[in-house]
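Take the sequence shown: its letters are residues 0 to 150, numbered as in numbering that gives the first Met the number 0.
By construction, the Cβ of each residue, glycine as well, lies at the ideal position given by its N, Cα and C atoms.
Source: prediction; values computed, not measured.
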Amino acid sequence: MTPPGPGWESPEAFQKALWWYNAIIPQWMAQGPLLSVQEIAQLGFQQIAVLLQLLGGSPTPGKAAQNRAESISAPTLFICGNEDHAILCTKPFSRATQQYCKGSYEFLEVTCGHDLQHCHDPDQTGIVNDAILDHIKKHSHWWYARYASRK
């Protein structure tokens, strides 16, 4: 079997890189409510309602995060796909993210959905990739100054 990408010795090794998500949710991220099959269908998301019915799952009211996240000191690039129905990054509450970023903050809106690496328009994906590379080039000194000496 081919590993998921260069640098990963096995699919299992790659999976470990994704575990951060499971660990961070109860501590630092709030969980939104899980809607019932009927509620999802009423909102017009028939395919998702069918999947939920097949896979199971019970509605929940959601939970607040256990810890309050403080301001972010790292330079931040918030790339917003304005067709993303999950992040809703064009809404005022999402745009208010900037107030929690002490470091530099850049906001980029592109015509794309949730997967910013696969926009319908390849030019929009190119804009995303260019912005990420520019951000890394511009701010790589920040990481080295802060963390390289700790190794």
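Asked                                                                                                                                                   : Found
Quick check on the DSSP output: what are the complete alpha helix (DSSP H) runs of length 4 or more inside the segment 40–94, in order along the chain? : 45–54 and 91–94
Using CA atoms only, rank isn't needed, just tell me which of L107, A40, L17 and A68 is closest to V127.                                                : L107
With which residues is E105 paired in a DSSP beta bridge?                                                                                               : L76
Taking the C-alpha atoms as reference points, what is the distance between G80 and D133?                                                                : 18 Å
Quick one: is I71 buried, meaning 16 or more other Cβ sit within 10 Å of its Cβ, or exposed?                                                            : exposed
Taking 8 Å as the threshold (beta carbon to beta carbon), is F44 in contact with chain C?                                                               : This model lacks chain C altogether, as it is built from one protein chain only.
What does DSSP give as the partner residues of C100 in its beta bridges?                                                                                : I71
Can you tell me which of the three DSSP states Q26 falls into?                                                                                          : helix
Measuring straight from C-alpha to C-alpha, what distance separates G55 and I78?                                                                        : 33 Å
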